[in-house]
Amino acid sequence: MVDAFYDLATENSVAVLLSSMMGHDVSPNAEYDKALMNPQESGSFETVSQFVGGSSDVMYNFAKRGVHLLTQKNANKWGHKRARIVSVSPGVIETPMALKAAEEHPERMEMIKKATPLQRNGKPEDIADVVHFLVSDKARFITGTDILVDGGVMLNIKTNKS
Numbered sequence: 002m003v004d005a006f007y008d009l010a011t012e013n014s015v016a017v018l019l020s021s022m023m024g025h026d027v028s029p030n031a032e033y034d035k036a037l038m039n040p041q042e043s044g045s046f047e048t049v050s051q052f053v054g055g056s057s058d059v060m061y062n063f064a065k066r067g068v069h070l071l072t073q074k075n076a077n078k079w080g081h082k083r084a085r086i087v088s089v090s091p092g093v094i095e096t097p098m099a100l101k102a103a104e105e106h107p108e109r110m111e112m113i114k115k116a117t118p119l120q121r122n123g124k125p126e127d128i129a130d131v132v133h134f135l136v137s138d139k140a141r142f143i144t145g146t147d148i149l150v151d152g153g154v155m156l157n158i159k160t161n162k163s
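Just so you know, we're using the working numbering here: the sequence shown kicks off at 2 and counts up by one.
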């Protein structure tokens with residue numbers, strides 16, 4: 002998909018990929034990062050499968066880590082056109098899907114909210130405002146990176162603080 006949009010990119014174009022805060026829950030590892038960045042390479046699937054172990058939650062996190070790596074991998078290519086590529090990783094955002102999850106698992110959602118330094122879930126406009134900034138000329142020097150918009154929750158999840 003990124004390659005298809007690359008063909009349309011011109012100077013000052015910006016590609017914004019949507020990821021998830023859970024991509025930040027996967028610790029960098031040279032072996033599986035290489036496999037995620039080169040999925041067609043022989044043995045890549047087996048390498049990632051070793052780390053995932055059949056867990057759909059872990060698989061989801063690895064997929065989101067793959068989006069971050071794809072963003073990094075394409076920065077130079079897009080830069081040759083003077084175009085940019087970035088990804089955005091939202092935290093828990095009050096969307097219909099999150100509201101449904103809150104109904105089904107209220108204790109888990111409350112735990113995440115309490116682990117968030119801002120003590121609230123995000124709102125769709127929190128993400129929209131970041132994307133609006135990223136596609137503007139004010140972000141003209143940002144490329145090849147992921148922007149984590151999670152109210153600080155991943156900091157506490159990774160350090161087990163709250």
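Built from N, CA and C at the ideal position, the CB exists for glycine as well.
Beta-carbon contacts of isoleucine 148 that lie in its chain and below 8 Å, excluding the five residues immediately before and after: As a working mapping, residue 148 is identified with position 147 in the sequence shown. Hits under 8 Å: Val87, Ser88, Val89, Ser90, Val131, Leu135.
Three-pair Cβ contact test at 8 Å for the segment 100-112 versus the segment 137-147: no
Alpha-carbon to alpha-carbon, serine 21 and alanine 102: The residue labelled residue 102 in the question sits at position 101 within the sequence shown. The residue labelled residue 21 in the question sits at position 20 within the sequence shown. Rounded to whole angstroms, alanine 102 to serine 21 spans 16 Å at the Cα level.
Per-residue burial, threonine 72 [other beta carbons within 10 Å of its own, 16 or more giving buried]: On the sequence shown, position 71 is the one that residue 72 refers to. In summary, threonine 72 is buried, with 16 or more beta-carbon neighbours lying within 10 Å of its beta-carbon over all protein chains present.
For arginine 141, the three-state DSSP class (helix, strand or coil): Translated into the one-based positions of the sequence shown, residue 141 becomes position 140. The answer is coil: DSSP assigns arginine 141 none of H, G, I, E or B.
Terminal residues of the beta strand (DSSP E) in which valine 15 lies: For this step, residue 15 is matched to residue 14 along the sequence shown. That run of the beta strand (DSSP E) goes 15-19.
Coil, strand or helix - aspartate 147 by DSSP: As a first step, residue 147 is located in the sequence shown; it is residue number 146 there, counting from the start. Of the three classes helix, strand and coil, the one that applies to aspartate 147 here is strand, per DSSP.
8 Å Cβ cutoff met for asparagine 122 and isoleucine 158: Numbered from its first residue, the sequence shown carries residue 122 at position 121. Numbered from its first residue, the sequence shown carries residue 158 at position 157. It is not a contact, given that the beta carbons lie outside the stated cut-off.
Local conformation of valine 136 per DSSP, three classes: As a working note, residue 136 is residue 135 in the sequence shown. In the structure shown, valine 136 sits in coil (DSSP, three-state: anything other than H, G, I, E or B).
Rounded distance between the beta-carbons of glycine 152 and arginine 100, thought under 8 Å: For this step, residue 100 is matched to residue 99 along the sequence shown. For this step, residue 152 is matched to residue 151 along the sequence shown. Here residue 100 turns out to be leucine, not arginine, going by the sequence shown. Wrong, their Cβ atoms sit about 17 Å apart, outside the cutoff.
Rounded straight-line distance, which links the Cα of lysine 82 to that of valine 150: In the sequence shown, the residue the question calls residue 150 occupies position 149. In the sequence shown, the residue the question calls residue 82 occupies position 81. Computed Cα separation, rounded: 28 Å.
Contact check, arginine 237 vs valine 15, beta carbons under 8 Å: The displayed coordinates of the chain run from 2 to 163. Any statement about residue 237 would go beyond what the structure contains.
Same chain only: Cβ atoms within 7 Å of histidine 69, ignoring 5 sequence neighbours per side: Translated into the one-based positions of the sequence shown, residue 69 becomes position 68. Cβ neighbours of histidine 69 beyond the five flanking positions: Ser20, Gly24, Ser88, Asp147.
DSSP state of glycine 1 mapped onto helix, strand, coil: Because the chain in this structure spans residues 2 to 163, residue 1 falls outside the shown range and cannot be described.
Buried/exposed call for methionine 112, threshold 16 Cβ in 10 Å: Taking the sequence shown and counting its residues from 1, the one referred to as residue 112 is at position 111. By the neighbour-count rule (16 or more Cβ atoms within 10 Å), methionine 112 is not buried but exposed.
Between the CA atoms of glutamate 126 and lysine 115 - distance to the nearest angstrom: As a first step, residue 115 is located in the sequence shown; it is residue number 114 there, counting from the start. As a first step, residue 126 is located in the sequence shown; it is residue number 125 there, counting from the start. Cα to Cα, the separation comes out at about 21 Å.
Among Leu9, Phe6, Asn13, Ala5, nearest to lysine 139 - alpha-carbon criterion: Translated into the one-based positions of the sequence shown, residue 139 becomes position 138. Of the listed residues, the one whose Cα sits closest to lysine 139 is Asn13.
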